[in-house]
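To start, the structure under review is shown below, and the notes come after it.
There are 2 protein chains.
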Amino acid sequence: MKEIYLDYAATTRPLQEVAEAVAVSMINTYGNPSSLHKKGVEAETILKETSDKLSKMLGCLADEIIYTSGGTESNNMAILGLCAAYKRRAHKLITSSVEHPSVLETFKYLQTQGFEVCIIGVDKEGMLDLEALQKAIDKETLLVSIMHVNNEIGTVQDIERIGGLIKQKNKDTFFHVDAVQSFGKAPISVKKCNIDLLSISAHKFYGPRGVGVLYKNKDVRINPLIYGGGQQKGIRAGTENVPGIAGMLKACNYADQNMERLNAHYRTCKMYLSDSVLEHIPDTFINGPDKSKGAPHILNIGFRGIKSEVLLHALESKGIYVSSGSACSSNKKVKSTVLSAIGNKKEDLDNAIRFSFGMDTSLEELSYVADKLEEQVMLLRKYTLGGRHK
Amino acid sequence: MKEIYLDYAATTRPLQEVAEAVAVSMINTYGNPSSLHKKGVEAETILKETSDKLSKMLGCLADEIIYTSGGTESNNMAILGLCAAYKRRAHKLITSSVEHPSVLETFKYLQTQGFEVCIIGVDKEGMLDLEALQKAIDKETLLVSIMHVNNEIGTVQDIERIGGLIKQKNKDTFFHVDAVQSFGKAPISVKKCNIDLLSISAHKFYGPRGVGVLYKNKDVRINPLIYGGGQQKGIRAGTENVPGIAGMLKACNYADQNMERLNAHYRTCKMYLSDSVLEHIPDTFINGPDKSKGAPHILNIGFRGIKSEVLLHALESKGIYVSSGSACSSNKKVKSTVLSAIGNKKEDLDNAIRFSFGMDTSLEELSYVADKLEEQVMLLRKYTLGGRHK
Numbered sequence: 001m002k003e004i005y006l007d008y009a010a011t012t013r014p015l016q017e018v019a020e021a022v023a024v025s026m027i028n029t030y031g032n033p034s035s036l037h038k039k040g041v042e043a044e045t046i047l048k049e050t051s052d053k054l055s056k057m058l059g060c061l062a063d064e065i066i067y068t069s070g071g072t073e074s075n076n077m078a079i080l081g082l083c084a085a086y087k088r089r090a091h092k093l094i095t096s097s098v099e100h101p102s103v104l105e106t107f108k109y110l111q112t113q114g115f116e117v118c119i120i121g122v123d124k125e126g127m128l129d130l131e132a133l134q135k136a137i138d139k140e141t142l143l144v145s146i147m148h149v150n151n152e153i154g155t156v157q158d159i160e161r162i163g164g165l166i167k168q169k170n171k172d173t174f175f176h177v178d179a180v181q182s183f184g185k186a187p188i189s190v191k192k193c194n195i196d197l198l199s200i201s202a203h204k205f206y207g208p209r210g211v212g213v214l215y216k217n218k219d220v221r222i223n224p225l226i227y228g229g230g231q232q233k234g235i236r237a238g239t240e241n242v243p244g245i246a247g248m249l250k251a252c253n254y255a256d257q258n259m260e261r262l263n264a265h266y267r268t269c270k271m272y273l274s275d276s277v278l279e280h281i282p283d284t285f286i287n288g289p290d291k292s293k294g295a296p297h298i299l300n301i302g303f304r305g306i307k308s309e310v311l312l313h314a315l316e317s318k319g320i321y322v323s324s325g326s327a328c329s330s331n332k333k334v335k336s337t338v339l340s341a342i343g344n345k346k347e348d349l350d351n352a353i354r355f356s357f358g359m360d361t362s363l364e365e366l367s368y369v370a371d372k373l374e375e376q377v378m379l380l381r382k383y384t385l386g387g388r389h390k
Numbered sequence: 391m392k393e394i395y396l397d398y399a400a401t402t403r404p405l406q407e408v409a410e411a412v413a414v415s416m417i418n419t420y421g422n423p424s425s426l427h428k429k430g431v432e433a434e435t436i437l438k439e440t441s442d443k444l445s446k447m448l449g450c451l452a453d454e455i456i457y458t459s460g461g462t463e464s465n466n467m468a469i470l471g472l473c474a475a476y477k478r479r480a481h482k483l484i485t486s487s488v489e490h491p492s493v494l495e496t497f498k499y500l501q502t503q504g505f506e507v508c509i510i511g512v513d514k515e516g517m518l519d520l521e522a523l524q525k526a527i528d529k530e531t532l533l534v535s536i537m538h539v540n541n542e543i544g545t546v547q548d549i550e551r552i553g554g555l556i557k558q559k560n561k562d563t564f565f566h567v568d569a570v571q572s573f574g575k576a577p578i579s580v581k582k583c584n585i586d587l588l589s590i591s592a593h594k595f596y597g598p599r600g601v602g603v604l605y606k607n608k609d610v611r612i613n614p615l616i617y618g619g620g621q622q623k624g625i626r627a628g629t630e631n632v633p634g635i636a637g638m639l640k641a642c643n644y645a646d647q648n649m650e651r652l653n654a655h656y657r658t659c660k661m662y663l664s665d666s667v668l669e670h671i672p673d674t675f676i677n678g679p680d681k682s683k684g685a686p687h688i689l690n691i692g693f694r695g696i697k698s699e700v701l702l703h704a705l706e707s708k709g710i711y712v713s714s715g716s717a718c719s720s721n722k723k724v725k726s727t728v729l730s731a732i733g734n735k736k737e738d739l740d741n742a743i744r745f746s747f748g749m750d751t752s753l754e755e756l757s758y759v760a761d762k763l764e765e766q767v768m769l770l771r772k773y774t775l776g777g778r779h780k
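Going down the list, the sequences are from chains P and Z.
If you're matching positions, the first sequence starts at 1 in this note's numbering and goes up one per residue.
If you're matching positions, the second sequence starts at 391 in this note's numbering and goes up one per residue.
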C-alpha cells in the first residue's frame with residue numbers, strides 16, 4: 001500500500017545527506033570535544049562550524065549557540081534557567097494560551113515555585129492579543145515566552161512587533177521565543193526581534209532527532225538545568241552529540257538554501273488540500289488562520305461529528321498518516337488546549353486533524369488524500385451518527 | 391602517521407553496525423513515537439525492543455527504563471529528581487570523593503538548596519571507606535550515590551555490598567549508581583545490588599553519543615528535570631531519539647555477547663602497558679588499584695616531574711591520543727579531585743595520564759606507545775627539569 005506521510009510537524013524524515021553525515025561523523029570524528037588531543041579538536045571543529053552557520057542564520061554570535069538534546073530541553077533550559085538566575089529580580093512570567101506543552105508545563109511548575117504566571121489569550125486565528133500583552137507587562141515582569149509558529153494550527157506570531165513591544169514597556173523583561181516549528185522555514189533575526197533566548201529542534205527541519213539548540217544572548221544569564229563537567233561554558237554539561245550536530249549542520253545548509261522554494265511548495269500543498277476538503281466535504285472548517293495565512297506547512301481542519309482519533313485511524317488504514325492535534329501531547333487523553341484557546345465550541349474540540357506538509361509531499365498524493373478523506377468522512381458519519389451529518 | 395586512540399573512557403568509536411543502524415533508523419523509522427499512526431508505532435517498537443534488552447541486562451522491568459540524552463543527564467535526573475520528589479522526607483545526601491563531576495556538581499548545587507551533603511573518602515586505591523559510609527547513613531539519609539567504576543583511575547566499587555549495607559542501615563535510603571564506565575563491561579543486577587536508580591551512557595560502550603539511560607525502580611518517584619509533552623510516562627519530556635536508541639540496541643547486543651572476551655583483551659592490554667612503563671621508565675607509578683585489579687580498560691599512570699598536559703601533547707605529536715584525568719573536566723583548569731581523594735601528594739596531582747583501552751587496541755600499538763612514552767618522558771625530563779629525573 002502507498003504510504004503518505006502528512007505528519008511533518010511531528011517529525012521529518014531526515015535528508016539522506018543528514019543520515020550520511022551522522023554516520024560518517026560517528027566513525028570519523030568520534031573524539032570527545034573535551035579531549036585535549038587531535039581527535040577532540042576534530043570533534044570540536046564540527047561544533048564550531050555548526051555554531052557559525054547557526055549564528056549566521058539567526059544573526060547572532062557563534063558563542064551564543066548552546067547545544068541541547070532537542071526543542072523541549074531548549075524550552076525548559078531557557079525558562080527554568082532564566083528564572084533560577086534572576087529569581088531575586090522579578091517574579092512575573094507571561095506566556096500565551098497556545099504554547100507547546102514544554103513551555104506551558106514548565107510555567108505550571110514555576111507557578112508552584114512562587115512565580116506569577118500570566119497567560120495571554122489569542123483570537124479565533126490564534127493571534128496573540130497584543131493589547132493584553134502590553135497591559136500585562138510591568139516592572140515585575142521577568143520573562144515573556146511566545147512561540148513563533150504554532151504547532152497545531154500554524155498561526156505565525158509577529159515576533160518582531162512583540163519583541164519591540166516588550167522592550168518598550170520594560171527593557172529588563174527578557175523575551176524567549178519557541179521557534180521549533182519555524183526555524184529553517186522562516187527567516188529569524190534575533191537582534192531585530194529583540195529576542196534573548198530562542199529554541200530550535202533539528203528533527204523538525206530534516207535534521208536528526210536528539211539535537212536541539214538554545215540561542216542565548218551573551219548578556220543574559222541562565223542557571224544550568226544539568227550540572228557536570230563544564231562543557232559549553234558550564235551552561236549545559238554532558239558530552240556533546242557531535243554526530244547529531246554534524247547532521248544538523250547539513251539540515252541548516254539545506255534549509256537556508258531552499259527556504260523560499262520549500263515554503264512555496266508547502267503553500268501550494270496547503271491551498272490545494274484545504275480547497276479540496278472544504279469544497280467537497282460538508283461540515284468542515286479550518287482551525288486557525290485562513291488558508292492563505294499562517295505557516296505554509298500546517299493545515300488544521302475540523303470534521304464535525306467525527307472524533308479525530310477515529311478519522312486518524314481510518315486514514316491510517318488507507319496508508320495516510322496525519323495527527324490529531326500535536327504528537328507531543330497525544331500520549332495524554334486531553335482535549336487540545338490550543339483549540340479551546342481559539343474559542344472552539346465544546347463539540348469542535350475533538351474533531352480536528354492536523355495535516356503537515358514536507359518536501360516529499362506531492363499534489364498527486366494530496367488528491368488521493370482528499371478522495372480518501374471524503375470517502376471516510378462520509379462513511380464514518382453515516383455509520384457512527386446514523387447519517388446526521390450526511 | 392599511525393594513529394593510536396587510547397581514550398576509550400572518554401568516548402568510543404561506535405561500531406560500524408551501530409552507525410548503520412542509526413542511519414537506517416533515521417530514514418526508515420522516522421516517525422514520532424508519540425504519533426498515533428503506524429509510523430509512530432514503528433518508532434515506538436524500537437524503544438520497546440531496546441527497553442526489553444536493557445531490562446534483561448540489568449535484571450529489571452522494561453518499564454523501568456527511561457531514555458535520556460546521556461550519562462550526565464541521567465545522573466542529574468536521578469539525583470535532582472529524587473531530591474525534588476522526597477525533599478519533605480529527608481535531607482541528607484551521601485556520595486564519595488571520587489565521583490564524576492555530573493554527580494559532585496549536582497550535589498554542590500543541592501547543598502545550596504538546603505540539603506546536607508556528606509562526602510565519604512576513599513583509600514589509596516580509590517575504594518570507598520565502607521565503615522565511614524555505614525556510620526554516615528542515618529534516618530535522615532535520603533540518597534547514597536556511588537559510582538561503579540571510576541572514570542579516571544578505574545577503581546571498581548563493590549556495589550552489591552554497598553547496596554546491602556545501605557538498605558540494612560536504612561531501608562528507606564535510596565541507592566543511585568553511576569554505571570557510565572561499567573555498563574556493557576561488567577554484569578550488573580540492580581535487584582541483587584539493591585539499586586534504585588542507575589545511569590548509563592551509550593557512547594561509552596560503542597553506542598552513539600547523545601543517548602543515555604536511567605534505570606528507575608518502579609516504586610521510586612522522581613520529579614522531572616524537563617517538563618513537556620508527557621513522553622516516557624511524564625518523567626522525561628521531549629521526542630525520543632529513536633535512531634540513537636536503535637544504535638544503542640546494537641551496542642547492547644554486542645556488549646552482552648562479547649563482554650568476557652573484551653574484558654580479557656582489555657586486561658591483557660592493561661597488564662602489558664603497565665609492565666612496559668613501570669619496568670622501563672623510572673619514577674612512574676600507578677594511580678588507583680593495582681594493575682591486576684580495577685577496571686580492565688582503565689590504566690592511570692603518574693610520570694614524576696612531567697605535567698600531564700605536556701606529555702599528552704608530546705604523545706599526540708606521535709599520533710597517540712590519551713587523556714590527562716577525565717575528558718569531562720578537562721575544560722576546567724583544576725587539578726584532579728580524584729587524585730587528591732586517593733591521597734596523592736601535591737607534586738603528584740598533575741602528572742597523571744589515563745590510558746583507556748578498546749576493542750581495536752593491539753599489543754603492537756601498545757609496544758609503540760611504550761617506546762614513545764619512554765622516549766618522550768626522558769626527553770621532557772631532560773629538557774624541562776635539567777635532568778633531575780634522569
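Virtual Cβ for every residue (Gly too), placed ideally from N, Cα, C.
As the structure is a prediction and not an experimental result, all values here were calculated from the model.
Q | Residues in the region 514-548 of chain Z having any Cβ partner in chain P nearer than 8 Å | A | So the list is empty, because no residue satisfies the distance condition.
Q. For residue 789 of chain Z, does the three-state DSSP call read helix, strand or coil?
A. Here chain Z comprises residues numbered 391 to 780, so residue 789 of chain Z is not present and cannot be evaluated.
(Q) According to DSSP, simplified to helix, strand and coil, what is residue 118 of chain P? (A) The residue labelled residue 118 of chain P in the question sits at position 118 within the first sequence. DSSP places residue 118 of chain P in strand when its eight states are reduced to three.
Q.
Which residues in chain Z have a C-beta closer than 9 Å to the C-beta of residue 7 of chain P? List them in chain order.
A. Your numbering for residue 7 of chain P matches position 7 in the first sequence. Those within 9 Å of residue 7 of chain P in chain Z are 421, 422, 425, 427, 429 and 430.
**Q.** Contact set between residue 312 of chain P and chain Z, taken where Cβ atoms lie within less than 7 Å
**A.** The residue you call residue 312 of chain P lines up with position 312 of the first sequence. What residue 312 of chain P touches in chain Z: 426 and 427.
Q) Could you give the uninterrupted runs of the beta strand (DSSP E) lying entirely in the region 115-195 of chain P, keeping only those of 3 residues or more? A) 116-120, 141-147 and 174-178
Q | Residues of its chain near residue 615 of chain Z, where Cβ-Cβ distance is below 8 Å and the 5 sequence neighbours each way are ignored | A | On the second sequence, residue 615 of chain Z is found 225 positions in, with the first residue counted as 1. Correct list, in chain order: 463, 466, 467, 470, 471 and 626.
**Q.** Helix, strand or coil at residue 332 of chain P according to DSSP, with G and I counted as helix
**A.** Position 332 of the first sequence, counted from the first residue, corresponds to residue 332 of chain P. The pLDDT assigned to residue 332 of chain P is 49, lower than 50, so where the model puts this residue is not dependable, and the model offers no usable value.
Q) Rounded to a whole number of angstroms, what is the C-alpha to C-alpha distance between residue 587 of chain Z and residue 635 of chain Z? A) In the second sequence, residue 587 of chain Z corresponds to position 197, counting from 1. In the second sequence, residue 635 of chain Z corresponds to position 245, counting from 1. Cα to Cα, the separation comes out at about 19 Å.
Q: Name, please, each residue of chain Z whose Cβ falls closer than 8 Å to the Cβ of residue 226 of chain P.
A: The sequence position of residue 226 of chain P within the first sequence is 226, counting from 1. Correct list: 462, 463, 466, 492 and 615.
Q. Based on the DSSP secondary-structure assignment, which residues constitute the bridge partners of residue 397 of chain Z?
A. For the purposes of this step, residue 397 of chain Z is taken as the residue at position 7 of the second sequence. According to DSSP, residue 397 of chain Z bridges with Z:746.
Q: Would you list, in chain order, the members of the region 676-702 of chain Z that have their beta-carbon closer than 8 Å to a beta-carbon of chain P?
A: 699 and 702
Q: Identify every residue that forms a DSSP beta bridge with residue 602 of chain Z.
A: For this step, residue 602 of chain Z is matched to residue 212 along the second sequence. Paired residue(s): Z:458 and Z:591.
**Q.** Under 9 Å (Cβ pairs) to chain P, residues found in the region 440-461 of chain Z
**A.** 458, 459, 460 and 461
Q | The beta strand (DSSP E) enclosing residue 222 of chain P, as first and last residue numbers | A | Along the first sequence, read from residue 1 onward, the residue named residue 222 of chain P stands at position 222. Counting along the chain, residue 222 of chain P falls outside any beta strand (DSSP E), and DSSP gives it neither H nor E.
Q. In terms of DSSP beta bridges, what is residue 302 of chain P paired with?
A. For this step, residue 302 of chain P is matched to residue 302 along the first sequence. BP columns for residue 302 of chain P point to P:285 and P:352.
Q.
Going by beta-carbon coordinates alone, are residue 57 of chain P and residue 252 of chain P separated by less than 8 Å?
A. Numbered from 1 along the first sequence, position 57 holds the residue referred to as residue 57 of chain P. Numbered from 1 along the first sequence, position 252 holds the residue referred to as residue 252 of chain P. Cβ atoms of residue 57 of chain P and residue 252 of chain P: closer than 8 Å.
Q) Short check: CB of residue 66 of chain P to CB of residue 232 of chain P, under 8 Å? A) As a position in the first sequence, residue 66 of chain P is number 66, starting the count at 1. As a position in the first sequence, residue 232 of chain P is number 232, starting the count at 1. Yes, these two residues count as a Cβ contact at 8 Å.
Q) Could one say the Cβ of residue 628 of chain Z lies closer than 8 Å to chain P's Cβ atoms, at least one of them? A) As a working mapping, residue 628 of chain Z is identified with position 238 in the second sequence. Taking Cβ atoms only, chain P reaches closer than 8 Å to residue 628 of chain Z, which makes this a yes.
Q: Reducing DSSP to helix, strand and coil, say where residue 95 of chain P ends up.
A: Walking along the first sequence from the start, residue 95 of chain P turns up at place 95. Correct three-state label for residue 95 of chain P: strand.
Q.
When you compare the CB positions of residue 397 of chain Z and residue 712 of chain Z, do they come within less than 8 Å of one another, or not?
A. Along the second sequence, read from residue 1 onward, the residue named residue 397 of chain Z stands at position 7. Along the second sequence, read from residue 1 onward, the residue named residue 712 of chain Z stands at position 322. Taking 8 Å as the Cβ cut-off, residue 397 of chain Z and residue 712 of chain Z qualify as a contacting pair.
Q: Measuring only between beta-carbons, confirm whether residue 253 of chain P sits less than 8 Å from chain Z.
A: By 1-based counting over the first sequence, the position of residue 253 of chain P is 253. With 8 Å as the cut-off, residue 253 of chain P does not count as an interface residue toward chain Z.
(Q) Is there a C-beta anywhere in chain P that falls below 8 Å from the one on residue 768 of chain Z? (A) As a position in the second sequence, residue 768 of chain Z is number 378, starting the count at 1. Answer no: the Cβ-Cβ gap between residue 768 of chain Z and chain P never drops below 8 Å.
(Q) Which residues does DSSP list as the beta-bridge partners of residue 320 of chain P? (A) Indexing the first sequence from 1 puts residue 320 of chain P at position 320. Residue 320 of chain P pairs with P:4.
Q: Using three-state DSSP, classify residue 27 of chain P as helix, strand or coil.
A: In the first sequence, the residue the question calls residue 27 of chain P occupies position 27. Correct three-state label for residue 27 of chain P: helix.
Q.
Quick check on the burial criterion: 16 or more other C-beta atoms within 10 angstroms. Buried or exposed for residue 391 of chain Z?
A. Taking the second sequence and counting its residues from 1, the one referred to as residue 391 of chain Z is at position 1. Flag for residue 391 of chain Z reads exposed.
Q. To which residues of the same chain is residue 553 of chain Z closer than 7 Å at the C-beta, ignoring the five residues directly before and after it?
A. By one-based count along the second sequence, residue 553 of chain Z stands at place 163. Excluding positions up to five away in sequence, the list reads 565, 583, 584 and 585.
Q: Starting from the beta carbon of residue 27 of chain P, find every residue of chain Z whose beta carbon is closer than 8 Å, and list them in chain order.
A: For this step, residue 27 of chain P is matched to residue 27 along the first sequence. Those within 8 Å of residue 27 of chain P in chain Z are 403, 404, 406 and 409.
**Q.** Near-chain P residues of the region 585-596 of chain Z (beta-carbon distance less than 7 Å), N- to C-terminal order
**A.** 593
Q. Would you say residue 634 of chain Z faces chain P, with C-beta separation under 8 Å as the test?
A. Locating residue 634 of chain Z in the second sequence gives position 244, where the first residue counts as 1. Judged by the 8 Å Cβ criterion, residue 634 of chain Z is in contact with chain P.
Q) residue 316 of chain P versus chain Z: which residues are under 7 Å apart at the beta carbon? A) Residue 316 of chain P sits at position 316 when you count from the first residue of the first sequence. Result: 427 and 428.
Q.
Between Z:461, Z:680 and Z:689, which has its C-alpha nearest residue 513 of chain Z's C-alpha?
A. Taking the first residue of the second sequence as 1, we reach residue 513 of chain Z at position 123. Measuring from the Cα of residue 513 of chain Z, the nearest candidate turns out to be Z:680.
Q. Between the Cα of residue 229 of chain P and the Cα atoms of P:238, P:154 and P:16, which residue gives the shortest distance?
A. Taking the first sequence and counting its residues from 1, the one referred to as residue 229 of chain P is at position 229. If we check each option's Cα against that of residue 229 of chain P, P:238 comes out closest.
Q: Output yes if chain Z places a C-beta closer than 8 Å to the C-beta of residue 106 of chain P; else output no.
A: Residue 106 of chain P sits at position 106 when you count from the first residue of the first sequence. It does: the Cβ of residue 106 of chain P has a partner Cβ on chain Z nearer than 8 Å.
Q: Count the CB pairs spanning the region 269-284 of chain P and the region 359-378 of chain P that are closer than 8 Å, and state whether there are at least three.
A: yes
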